[in-house]
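Novice:
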Amino acid sequence: MKVLAISMGRKNHNCDIIAKQALMAAEKAGADVKFVNTMNMEISHCRGCGACSASRDRGGQIRCVLKDDYLALEKEVLDADGIILAVPVYSIAPTGQLVNFFGRFGAAHDLASATVEQEKRISEGKELLDERLFRKHYVAFISVGGAKTENWTSMGLPNMYMFGMSTVMKTVGQINAYDMGRRTSPVFDPAFMENIAGLGKHLAESIGKEYSDVTWYGEPGICPVCHNKLLSPTGNGTEVECPLCGICGELSVENGQISVRFPEKQKLRARNTLRGLYEHHYELHDMMEIVQKNIAAHKDDMGELLAPYFSYAPDYRE
Ligand SMILES: Cc1cc2nc3c(=O)[nH]c(=O)nc-3n(C[C@H](O)[C@H](O)[C@H](O)COP(=O)(O)O)c2cc1C
34 MKVLAISMGR KNHNCDIIAK QALMAAEKAG ADVKFVNTMN MEISHCRGCG
84 ACSASRDRGG QIRCVLKDDY LALEKEVLDA DGIILAVPVY SIAPTGQLVN
134 FFGRFGAAHD LASATVEQEK RISEGKELLD ERLFRKHYVA FISVGGAKTE
184 NWTSMGLPNM YMFGMSTVMK TVGQINAYDM GRRTSPVFDP AFMENIAGLG
234 KHLAESIGKE YSDVTWYGEP GICPVCHNKL LSPTGNGTEV ECPLCGICGE
284 LSVENGQISV RFPEKQKLRA RNTLRGLYEH HYELHDMMEI VQKNIAAHKD
334 DMGELLAPYF SYAPDYRE
């Protein structure tokens, strides 16, 4: 059982110490462990070129064509059974490096598209996609913020959730490690460090379990799937949506407390399930048919309609 701890903070600062504390506990629970600090890794943003999915659709492997440190980190993530992710909050959200990583990792490895392609290749006897894409991966998130209030880390954990969403990783638990400034160093707070170790141990103990048998470590949150507490009103009465999982529930106030009931049917179509991803896969598939029709309908006037925009205000750097 391989557990990888990723720290995106400064070398030997809070994220490193916290990630290593969780990793030590995972090792004690029997894991083979590996640590990486990504602070000086070059991980550029997705250019939207589509080369990764085009390679998949042409019978090749899913591969990003940008040559930077993303490729090394992608390999480690796919190799690991369990991942501990400790990421600093910069401006209420995780550091952009994480967003760059999952921008290139998530959509490219979307499990619904990969499964459809793999089934096709099996039936045609062709070279198969990397089997690591179809393995279970388990993940524990720790968002690390300096500010005293949770309020200044509000988008930390919710954004971290996107790390394993398209690949259907199982989140086993999460900790919002805010207030690191007053704590000065995590090692000055034994109760805090014990909690972090508890998450690392829980990750190691969850590996190999059926996803439905994995219990949650951390605050329960409001959404029963991702355990975060973001809610968007849908405009339909008291219906609200978890913007991360894309599932709807009914909001009510009981004993002065907000509660949301998410029907079972909704939980089963959450974005981080294969079923939820298939919903999106077919949505995109249907969209492509409409796009083709629109292009055919505008084949004679498309150039004329676009010309004013292409010729207007050239990029000031050109
Ligand atoms: C550019 C920048 C923006 C930050 N913004 C926030 C913030 O919005 N909320 C917060 O709680 N901490 C914020 N912090 C503090 C860091 O989250 C905190 O110092 C954390 O411990 C950094 O991780 P590290 O010690 O592993 O490097 C910010 C730090 C930097 C450098």
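Heads up: the sequence shown begins at 34 in the numbering used here, then just goes up one per residue.
Where is the CB? At the ideal position from N, CA and C, for every residue including glycine.
(1) Mapping the DSSP letters down to three states, classify Pro341 as helix, strand or coil.
(2) Which stretch, first to last residue, makes up the alpha helix (DSSP H) that contains Ser292?
(3) Using 8 Å as the limit for Cβ to Cβ distance, is Ile328 near chain C?
(4) Could you check the C-alpha separation between Thr200 and Leu144 for me, to the nearest Å?
(5) Please tell me whether, using a cut-off of 7 Å, the distance from the CB of Asn192 to the nearest non-hydrogen atom of ligand 1 is below it.
(6) Give me whichever residues DSSP pairs with Gln207 in a beta bridge.
(7) By Cβ distance, which residues of its chain are closer than 8 Å to Ile308, with the 5 residues on each side in sequence left out?
(8) Hey, how far is the Cα of Asn73 from the Cα of Ile116?
(9) Run the CB neighbour count on Ala64, radius 10 Å, all protein chains shown included, and call it buried at 16 or more, exposed below.
(10) If you reduce the DSSP assignment to three classes, tell me which class Tyr146 lands in.
(11) Measuring CA to CA, which of Ala52, Thr248, Ser218, Ala38 is closest to Lys203?
(12) Whole alpha helix (DSSP H) runs in the stretch 250-329 with 4 or more residues, listed along the chain?
(13) Out of Ser88, Arg43, Ile50, Val36, point me to the one whose CA is closest to Lys67's CA.
(14) Reducing DSSP to helix, strand and coil, say where Tyr123 ends up.
(15) Taking the Cβ atom as the reference point for each residue, do Leu131 and Met193 lie within a distance shorter than 8 Å?
(16) So what does DSSP say about Ala38, is it helix, strand or coil?
(17) Between which two residues does the alpha helix (DSSP H) harbouring Asn192 extend?
(18) So does Gly179 have its beta carbon nearer than 7 Å to some heavy atom of ligand 1?
(19) Decide if Asp114 is buried, meaning its Cβ has at least 16 other Cβ atoms within 10 Å, or exposed.
(20) When you compare each of Pro223, His170, Asp101 to Leu236 by their alpha carbons, which one comes out closest?
(21) Do the stretch 209-223 and the stretch 49-63 make contact, defined as three or more Cβ pairs closer than 8 Å?
(22) Under 7 Å Cβ to Cβ from Met198, same chain only, skipping five residues before and after it: list those, please.
(23) Quick check on Cys82: buried or exposed, where buried means 16 or more other Cβ atoms within 10 Å of its Cβ?
(24) Between the alpha carbons of Phe167 and Arg350, how many angstroms are there, rounded?
(25) Note down, in chain order, each residue of its chain lying with its Cβ closer than 8 Å to the Cβ of Gly214, except the 5 sequence neighbours on either side.
(26) Asn70 by DSSP, collapsed to three states: which one?
(27) Under 7 Å: does the beta carbon of Ser124 sit that close to some heavy atom of ligand 1?
(28) Can you tell me the Cα-Cα spacing of Val172 and Glu337, whole angstroms?
(29) With 16 other CB atoms within 10 Å as the buried threshold, where does Cys150 fall?
Specialist: For this structure:
(1) helix
(2) Careful: Ser292 lies outside any alpha helix (DSSP H), inside the beta strand (DSSP E) at 290-294.
(3) Absence of chain C from the displayed structure is noted, only one protein chain being present.
(4) 5 Å
(5) no
(6) Phe174
(7) Position check: residue 308 holds Arg in this sequence, whereas Ile was assumed. Here the set comprises Leu301, Arg302.
(8) 20 Å
(9) buried
(10) Reading off the sequence, residue 146 comes out as Ser, not Tyr. Residue state, collapsed to three classes: helix.
(11) Thr248
(12) 297-301
(13) Val36
(14) strand
(15) yes
(16) strand
(17) 189-193
(18) yes
(19) buried
(20) His170
(21) yes
(22) Gly139, Arg304, Asn305
(23) exposed
(24) 44 Å
(25) Gly179, Ala180, Lys181
(26) strand
(27) yes
(28) 50 Å
(29) The amino acid at residue 150 is misidentified as Cys; the sequence shows Glu. Classification of Glu150: buried, given that the 10 Å Cβ count is 16 or more.
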